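With this note's numbering applied, the sequence shown corresponds to residues 18 to 577, in that order.
Every residue, glycine too, gets a C-beta built ideally from N, C-alpha and C.
Remember, predicted model here, so these are calculated numbers, not experimental data.
The structure appears below as structure tokens.
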Amino acid sequence: MVETSNIPASRVLVIGLDGATWAIAQPLMAAGRMPNLARLVAQGAAGSLASTVPPISAAAWVSFLTGQNPGRHGVYQFRKFDLCNYSGYRDEFATSNDYVGRSFLELAGQHGRTVGSVGIPMTYPPFPVNGFLVSGFPRPFGPTAQVYPPEMAARLGKWDAVQDSFNFSLSGAKTVETSDYWVRRYTEISIDALAEQDYDLFLVVWNSTDNIPHLFWKYTDPSFPAYDADGAQQFGDVINHQYEVADGEIGKLLAALPDPENTTVVVMSDHGMGPYPHLQVHLNAWLAEQGLLAVKAGSAGQPSIASRMVSKARKRLPAQWRHRLRDHLPAGMRADMHARHMNLDQIDWSRTEAYRFKIFPSVEGVVVNLRGRQTEGIIEPGADYDALCDRLVAALADLRDPDSGQPIVARASRRETLFEGPFLDDIPDILVELNPDYTGGSAVAGPLVTPVPLSDLSEYSASHHPDGLFVVRGAGVREGAWIDGAQIIDLPPTLMHLMGLPVASWMDGKVITSIFEPSALHEVTYADYELADVDRSTRLTGEEEDAIRAQLAGLGYLQE
Numbered sequence: 018m019v020e021t022s023n024i025p026a027s028r029v030l031v032i033g034l035d036g037a038t039w040a041i042a043q044p045l046m047a048a049g050r051m052p053n054l055a056r057l058v059a060q061g062a063a064g065s066l067a068s069t070v071p072p073i074s075a076a077a078w079v080s081f082l083t084g085q086n087p088g089r090h091g092v093y094q095f096r097k098f099d100l101c102n103y104s105g106y107r108d109e110f111a112t113s114n115d116y117v118g119r120s121f122l123e124l125a126g127q128h129g130r131t132v133g134s135v136g137i138p139m140t141y142p143p144f145p146v147n148g149f150l151v152s153g154f155p156r157p158f159g160p161t162a163q164v165y166p167p168e169m170a171a172r173l174g175k176w177d178a179v180q181d182s183f184n185f186s187l188s189g190a191k192t193v194e195t196s197d198y199w200v201r202r203y204t205e206i207s208i209d210a211l212a213e214q215d216y217d218l219f220l221v222v223w224n225s226t227d228n229i230p231h232l233f234w235k236y237t238d239p240s241f242p243a244y245d246a247d248g249a250q251q252f253g254d255v256i257n258h259q260y261e262v263a264d265g266e267i268g269k270l271l272a273a274l275p276d277p278e279n280t281t282v283v284v285m286s287d288h289g290m291g292p293y294p295h296l297q298v299h300l301n302a303w304l305a306e307q308g309l310l311a312v313k314a315g316s317a318g319q320p321s322i323a324s325r326m327v328s329k330a331r332k333r334l335p336a337q338w339r340h341r342l343r344d345h346l347p348a349g350m351r352a353d354m355h356a357r358h359m360n361l362d363q364i365d366w367s368r369t370e371a372y373r374f375k376i377f378p379s380v381e382g383v384v385v386n387l388r389g390r391q392t393e394g395i396i397e398p399g400a401d402y403d404a405l406c407d408r409l410v411a412a413l414a415d416l417r418d419p420d421s422g423q424p425i426v427a428r429a430s431r432r433e434t435l436f437e438g439p440f441l442d443d444i445p446d447i448l449v450e451l452n453p454d455y456t457g458g459s460a461v462a463g464p465l466v467t468p469v470p471l472s473d474l475s476e477y478s479a480s481h482h483p484d485g486l487f488v489v490r491g492a493g494v495r496e497g498a499w500i501d502g503a504q505i506i507d508l509p510p511t512l513m514h515l516m517g518l519p520v521a522s523w524m525d526g527k528v529i530t531s532i533f534e535p536s537a538l539h540e541v542t543y544a545d546y547e548l549a550d551v552d553r554s555t556r557l558t559g560e561e562e563d564a565i566r567a568q569l570a571g572l573g574y575l576q577e
């Protein structure tokens, strides 16, 4: 049983703009190109929204759904970590099966609140809610498997005709066209649902403000090293266009609300976005210089001739063929390619104390080669492990670019200072958050910092930044207020509080009380919600994995 709160209840509409950032939205609002968002900001409270570490959609959206840090819900990346394996990953994708039973969508249903959810990432396979749920990215195509309840699929029509919207190896014009389609299609589904039923909690997420910048930033920023002046004539305003499209759809949803006076509107993003870093820092090379990583005798510390030849051959193929070729390789061969690409085959593990763990462009990991964890671990657990971790954190925090003298690292942390929960041991021992100009490189010898190849910057020209955005407008919410310090894990408890529901005691996030007028402040109540008994051993089929792998590769999330 759960308690019932006596807080005045509001209906809630949540609009997610995946990857949206104030750096783009605010100039457009000032220019009159996003009037609906500008009106919500003027009438409500707004601020930056700190994402997860790393600021990747898989971890961030699951934190949004559960109110928990990744150490508690267990999802860090689209692929699952495996520190026992020197490659760092299992050939298995994170899905809703990893957290189902803990989402605030399900908790609201325990109180009889009706829920509609359209397109939230990381909600595949779809799971039962007190209403309906359409799974978001990444997912296989075809509506039947994407929807709860399954019988709702017939109402959604045929989706297969536009399945290429997640194939971002298409031409630029086709990518924009299909991205626009999905924004408008999600809006149509939402408006139709709102016309049929007055939902207590309704959520819709559009991905175009994330997908398009990944591939089109190179056309918008003349200072970007891979700026494409010719392409800019056609695509120079395409990112702004996606924000304008989203703003227009916000207006349609607001107009479709059946009970606008009693509905709190929330607009949010899971992380921000900015240019892809143009310099790569080779932490394995640095670790080798520190005497903490050993290179095999005869190895050059750079990619082998064979690896370089394979890499060059792959880059000459159209992107869609590269992805298809890789996707159809056996898991063992993919793992071998990954090891060679990361130069793992050049490391002498029997003499290595710590090594680099590739996580995300803006966040690197360092893993201790721990006896009893890795097959060739040499560092003893306990005092030796702690001393090495502390030494690494201190040294990494002071790491500077030898060419410019600029600091490379924004923050280096032991994992337990950032996360807590039953999945803490899955996380790399050290998290290294890099400054915006830097990303991780794979060399195990040679210069500490080298330029990112222009061919790489041309393919994926934007990456995630830590700060997203949020806006809240509704009865009792301060007007025109700017809120500091909010985190994505704070949204679920805040939304439950707005609905007059007690917050789950096991959530890490806190109600953002600073959004409320003093007269509207109510004591936050908590409850120990019963968690559903879920079989978490269910895995995706091979066909499902292939479809999801292709979608993730198309956005650069699986650069192996």
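Beta bridge counterpart(s) of residue i as assigned by DSSP
{"i": "Ala521", "result": "Ala544"}
{"i": "Leu387", "result": "Ile396"}
{"i": "Asp552", "result": "Paired residues: none, contrary to the question."}
{"i": "Val29", "result": "Leu218 and Thr281"}
{"i": "Trp223", "result": "Leu34"}
{"i": "Phe487", "result": "Gly64 and Met285"}
{"i": "Val426", "result": "Leu451"}
{"i": "Ala377", "result": "Ala is not the amino acid found at residue 377; the sequence shown has Phe there. Bridge partners of Phe377: Val380."}
{"i": "Arg96", "result": "Phe110"}
{"i": "Trp499", "result": "Ala63"}
Through-space distance from residue j to residue i, alpha-carbon basis
{"i": "Leu304", "j": "Gly253", "result": "41 Å"}
{"i": "Asp353", "j": "Gly126", "result": "The pLDDT assigned to Asp353 is 47, lower than 50, so where the model puts this residue is not dependable, and the model offers no usable value."}
{"i": "His355", "j": "Tyr103", "result": "Since pLDDT at His355 reaches only 43, below the 50 mark, its modelled position is unreliable, and no value is offered."}
{"i": "Ala249", "j": "Leu569", "result": "26 Å"}
{"i": "Glu306", "j": "His299", "result": "11 Å"}
{"i": "Ser65", "j": "Ala314", "result": "50 Å"}
{"i": "Gly148", "j": "Phe219", "result": "10 Å"}
{"i": "Val212", "j": "Pro519", "result": "Position check: residue 212 holds Ala in this sequence, whereas Val was assumed. Looking at the two C-alpha atoms, the distance is approximately 29 Å."}
{"i": "Leu173", "j": "Gln214", "result": "16 Å"}
{"i": "Val2", "j": "Pro142", "result": "This structure does not reach residue 2, given that the chain is present from 18 up to 577, and the question cannot be answered."}
{"i": "Lys527", "j": "Phe98", "result": "28 Å"}
{"i": "Tyr580", "j": "Ser240", "result": "The chain is shown from 18 up to 577; residue 580 falls before or after that span and cannot be answered."}
{"i": "Asp238", "j": "Glu194", "result": "22 Å"}
{"i": "Gln43", "j": "Met513", "result": "28 Å"}
{"i": "Ala62", "j": "Glu562", "result": "41 Å"}
{"i": "Ala243", "j": "Leu471", "result": "6 Å"}
{"i": "Pro277", "j": "His288", "result": "28 Å"}
Which of helix, strand or coil DSSP assigns to residue i
{"i": "Gln259", "result": "helix"}
{"i": "Gln127", "result": "helix"}
{"i": "Thr281", "result": "strand"}
{"i": "Ala414", "result": "helix"}
{"i": "Ser134", "result": "strand"}
{"i": "Thr83", "result": "helix"}
{"i": "Asp108", "result": "strand"}
{"i": "Gly571", "result": "helix"}
{"i": "Ala314", "result": "coil"}
{"i": "Phe149", "result": "strand"}
{"i": "Phe158", "result": "coil"}
{"i": "Leu557", "result": "coil"}
{"i": "Phe533", "result": "strand"}
{"i": "Arg351", "result": "The predicted position of Arg351 is uncertain, since its pLDDT is 48 and thus under 50; a value taken from the coordinates is nonetheless stated next. Three-state result, Arg351: helix."}
{"i": "Arg431", "result": "strand"}
{"i": "Met513", "result": "helix"}
{"i": "Gln307", "result": "coil"}
{"i": "Ser207", "result": "helix"}
{"i": "Met139", "result": "coil"}
Pick from the options that is closest to residue i, judged by C-alpha positions
{"i": "Trp234", "options": "Leu211, Tyr293 and Arg96", "result": "Tyr293"}
{"i": "Arg107", "options": "Gln94, Gly118 and Ser113", "result": "Gln94"}
{"i": "Glu450", "options": "Leu45, Gly49, Pro72 and Ala42", "result": "Pro72"}
{"i": "Tyr165", "options": "Arg172, Trp39, Phe144 and Phe440", "result": "Phe144"}
{"i": "Ala549", "options": "Gln163, Asp115 and Gln423", "result": "Asp115"}
{"i": "Leu538", "options": "Ile256, Ala76, Ala404 and Arg495", "result": "Arg495"}
{"i": "Ala40", "options": "Thr140, Thr192 and Pro230", "result": "Pro230"}
{"i": "Arg50", "options": "Thr131, Gln259 and Arg432", "result": "Gln259"}
{"i": "Ser480", "options": "Leu572, Pro167, Thr69 and Thr558", "result": "Leu572"}
{"i": "Gly189", "options": "Glu476, Asp545, Ala411 and Asp507", "result": "Glu476"}
Review point. Does the count of Cβ pairs from the stretch 188-204 and the stretch 217-231 closer than 8 Å reach three?
Key: yes
**Study point:** At least three beta-carbon pairs within less than 8 Å, the stretch 235-248 to the stretch 266-278
**Key:** no
Check your understanding: Does the stretch 471-491 come close enough to the stretch 51-62 that 3 or more CB-CB pairs lie under 8 Å?
Key -> yes
Check your understanding: Does the stretch 131-148 touch the stretch 204-220, meaning 3 or more C-beta pairs lie closer than 8 Å?
Key -> yes
Exercise for review: Determine contact between the stretch 270-285 and the stretch 24-35, defined as no fewer than three beta-carbon pairs at a distance below 8 Å.
Suggested key: yes
Exercise for review: Flag this pair as touching only if the stretch 369-382 and the stretch 395-413 have three or more C-beta atom pairs under 8 Å; answer yes or no.
Suggested key: yes
Point to revise | Meets three-Cβ-pair contact criterion under 8 Å: the stretch 80-91 and the stretch 434-454 | key: yes
Check your understanding: Counting Cβ pairs, one atom from each stretch, are 3 or more of them under 8 Å apart for the stretch 447-461 and the stretch 372-383?
Key -> yes
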